[in-house]
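Engineer: Top to bottom, those sequences are chains Y and V.
Under numbering that gives the first Met the number 0, the first sequence has 160 at position 161, and the numbering climbs by one with no breaks.
Under numbering that gives the first Met the number 0, the second sequence has 78 at position 79, and the numbering climbs by one with no breaks.
There are 2 protein chains.
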Amino acid sequence: MDLPKSFRTFNREEQEIFKEILANRRDVRGHQFLIKGIPDREIDQILEAALMAPSVGFSQPWEFVIIKDLETKLAIKNSFEEKNQEASHLFEEKKQKAYDDLKLEGIIEAPLNIAVFYVPSKEPVLGQTAMPNMGRYSVACAIQNMWLMARSLNIGMGWVSILDAEKVKTILKAPEDRELIGYLCFGYTDGFYSKPELELKKWDKRKLWKEVVVNGKYEVK
Amino acid sequence: MDLPKSFRTFNREEQEIFKEILANRRDVRGHQFLIKGIPDREIDQILEAALMAPSVGFSQPWEFVIIKDLETKLAIKNSFEEKNQEASHLFEEKKQKAYDDLKLEGIIEAPLNIAVFYVPSKEPVLGQTAMPNMGRYSVACAIQNMWLMARSLNIGMGWVSILDAEKVKTILKAPEDRELIGYLCFGYTDGFYSKPELELKKWDKRKLWKEVVVNGKYEVK
């Protein structure tokens, strides 16, 4: 079967623009969002980017819940507060102080929140039979597409993961089988940090290339 | 603390280029790869894209194993064959025939394979305390960055998931605690399909917008 092909090639200049989008994407939290709504046109483009993500066996195992109302946001924020307090205690004393000083979400400040769910299939999924997490990874890829698209639209996004996933499901009346992958906050911002905030604040160091790239095989130690 | 910011804004034309990269990315398999090596410069750019991915709590929980030698590829391919045969039987008769006709990987044909591992942290990770899969999702985001970067470089990538993750670890001598997230095949190609191959071959239908986008809350049925 001869299938239709596209021969679109990208040139050096276009590659550089893409690299700049990658390099300038940041996790944006509440202290950086501006009070300015996001037009529907932009929201649609962010969702379109999600739908262009790869999905294992073309399963498209995702759902996107668009949240703008304050009541829902407050309920979600409540779950964040609970889980954040629990989390703080897990870090050793010195880190705990630093942890408590961080602003880790922008649920209320962001004009737009999107909850992204994984929808498990009832049938076997091509490509997921040996690696059962594949559908979840497809959803994560869709989130990365949204993040980059938002950045290209000069919109900041933050991924909030300090949440009780079951509470979020209850708040949004999600069906039993759905699984929360990401809770995303979107808004215009007063500028993107030049590096990840946690790198600038020395929470952790950037790993060196040689620490994460292995040639051929791991060396047996 | 005043942190340094970047005020790079992207314009309409740059947004359109990015959208074209998203729209033209495909999963590329063996029947489409050309016999043509990938220069180191391009490999480095693909890895740099991975390292620009977001990571929960700036944990950078990833490792990338660069594989080019035939012996390793043959061993991996062997694991694919085993798992693929098992998988085929899971589909009902009609689908099984279609499944067997699909070429689902390009391990040998692709000049470059990269195995991507998740490295679990021994300490608590900021942002991962309530959602333990977050580090795995960071690795999936890094893979999506690689995929898009490869596409912008006019290089095809295929994600092979029909593998025994433990066997892949053994072949690559990976330490006990590593977890395989993706096994990626890269190569130049004779053209990218205009739509996902599984959509063109009617393996499954594209979902409608209204099937995957929910406004506000799920409706109780």
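Note that CB positions come from ideal geometry on N, CA and C, so glycine has one too.
Report the residue ranges of all beta strand (DSSP E) runs contained in full by the segment 154 to 197 of chain V; include only those spanning at least 3 residues, in chain order.
Structural biologist: The qualifying runs are 155 to 159 and 178 to 186.
Engineer: At a Cβ threshold of 8 Å, is Cys184 of chain Y touching chain V?
Structural biologist: no
Engineer: Is the Cβ of Gly155 of chain Y closer than 8 Å to any Cβ of chain V?
Structural biologist: For Gly155 of chain Y, no CB of chain V lies under 8 Å from its own CB, so it is not counted at the interface with that chain.
Engineer: Between the segment 179 to 195 of chain Y and the segment 18 to 34 of chain Y, do three or more beta carbon pairs fall short of 8 Å?
Structural biologist: yes
Engineer: Since Gln143 of chain V meets chain Y, which of its residues come closer than 8 Å, beta carbon to beta carbon?
Structural biologist: Ala52, Pro53, Ala139, Cys140, Gln143 and Asn144
Engineer: For Cys140 of chain V, which of V:Leu46, V:Lys209, V:Pro123 and V:Asn112 has the nearest alpha-carbon?
Structural biologist: Residue V:Leu46 holds the alpha-carbon nearest to the alpha-carbon of Cys140 of chain V among V:Leu46, V:Lys209, V:Pro123 and V:Asn112.
Engineer: From this set, V:Arg205, V:Val212, V:Lys194 and V:Val219, which residue's C-alpha is nearest Asp1 of chain Y's C-alpha?
Structural biologist: V:Lys194
Engineer: Kindly indicate the opening and closing residues of the alpha helix (DSSP H) around Glu80 of chain Y.
Structural biologist: Leu69 to Ser87
Engineer: For Leu179 of chain V, tell me which candidate among V:Gly155, V:Asn144 and V:Pro60 has the shortest Cα-Cα distance.
Structural biologist: V:Pro60
Engineer: Name the chain V residues that come within less than 8 Å of Gly105 of chain Y, Cβ to Cβ?
Structural biologist: Those do not exist, as Gly105 of chain Y stays about 14 Å from chain V at its closest Cβ, beyond 8 Å.
Engineer: Please state the DSSP three-state secondary structure of Phe90 of chain Y.
Structural biologist: coil
Engineer: Do the CB positions of Lys216 of chain Y and Leu183 of chain V come within less than 8 Å of each other?
Structural biologist: no
Engineer: For Asn144 of chain Y, does the three-state DSSP call read helix, strand or coil?
Structural biologist: helix
Engineer: Which residue spans inside the segment 92 to 118 of chain V form an unbroken alpha helix (DSSP H) run of at least 4?
Structural biologist: 92 to 100
Engineer: Would the beta-carbon of Arg24 of chain Y fall within 8 Å of that of Leu147 of chain Y?
Structural biologist: yes
Engineer: Kindly list, in the order they appear in chain Y, the residues whose Cβ is closer than 8 Å to that of Ala173 of chain V.
Structural biologist: Tyr217
Engineer: Which stretch, first to last residue, makes up the alpha helix (DSSP H) that contains Asn23 of chain Y?
Structural biologist: Arg11 to Asn23
Engineer: Ends of the alpha helix (DSSP H) at Glu47 of chain V?
Structural biologist: Asp39 to Leu50
Engineer: Per DSSP, what are the beta-bridge partners of Ser5 of chain Y in this structure?
Structural biologist: DSSP lists V:Phe191 as the bridge partner or partners of Ser5 of chain Y.
Engineer: Under the DSSP definition of a beta bridge, which residues are partnered with Phe224 of chain V?
Structural biologist: Since the displayed chain V opens at 0 and closes at 220, residue 224 of chain V lies outside it and no answer follows.
Engineer: Helix, strand or coil: which one does DSSP assign to Glu210 of chain V?
Structural biologist: For Glu210 of chain V, the secondary structure class from DSSP, reduced to helix, strand or coil, is helix.
Engineer: In chain V, which residues lie with their C-beta within 8 Å of the C-beta of Gly56 of chain Y?
Structural biologist: Leu197, Trp202 and Asp203, listed in chain order.
Engineer: Measure the Cβ-Cβ separation of Asp26 of chain V and Glu198 of chain V and say whether it is below 8 Å.
Structural biologist: Taking 8 Å as the cut-off, the beta carbon of Asp26 of chain V is found no closer than this to the beta carbon of Glu198 of chain V.
Engineer: Could you work out which residues of chain V lie near Phe90 of chain Y, taking near to mean beta carbons separated by less than 7 Å?
Structural biologist: Pro123
Engineer: Going by C-alpha to C-alpha distance, which of V:Lys4, V:Asn77, V:Glu218 and V:Gln127 sits closest to Gly105 of chain V?
Structural biologist: Measuring from the Cα of Gly105 of chain V, the nearest candidate turns out to be V:Asn77.
Engineer: On the DSSP bridge list, what partners appear for Val64 of chain V?
Structural biologist: Y:Val213 and V:Ala114
Engineer: Between Ala173 of chain Y and Phe116 of chain Y, how many whole angstroms is the CB-CB distance? I'm expecting something under 8 Å.
Structural biologist: 6 Å
Engineer: With a threshold of 8 Å between beta carbons, is Ser160 of chain V in contact with chain Y?
Structural biologist: So, interface residue.
Engineer: On the DSSP bridge list, what partners appear for Asp26 of chain Y?
Structural biologist: Y:Met156
Engineer: Any chance the segment 3 to 19 of chain V sits against the segment 75 to 91 of chain V, with 3 or more Cβ pairs inside 8 Å?
Structural biologist: no
Engineer: Between the Cα of Lys201 of chain Y and the Cα atoms of Y:Lys94, Y:Phe90, Y:Glu70 and Y:Gly134, which residue gives the shortest distance?
Structural biologist: Checked all of Y:Lys94, Y:Phe90, Y:Glu70 and Y:Gly134; the closest Cα to Lys201 of chain Y is Y:Lys94.
Engineer: Applying the criterion that 16 or more other CB atoms from any shown protein chain within 10 Å of the CB defines a buried residue, is Asn214 of chain V buried or exposed?
Structural biologist: exposed
Engineer: Take Arg150 of chain V and list the residues in its own chain whose beta-carbon comes closer than 7 Å to its own, dropping the five residues that flank it on each side.
Structural biologist: Ile20, Asn23 and Arg24
Engineer: Listing by chain order, which chain Y residues have their CB less than 8 Å from the CB of Val239 of chain V?
Structural biologist: Residue 239 of chain V lies beyond the residue range present for chain V, which begins at 0 and ends at 220; the question has no answer from this structure.
Engineer: Lys82 of chain V versus chain Y: which residues are under 8 Å apart at the beta carbon?
Structural biologist: What Lys82 of chain V touches in chain Y: Thr128 and Ala129.
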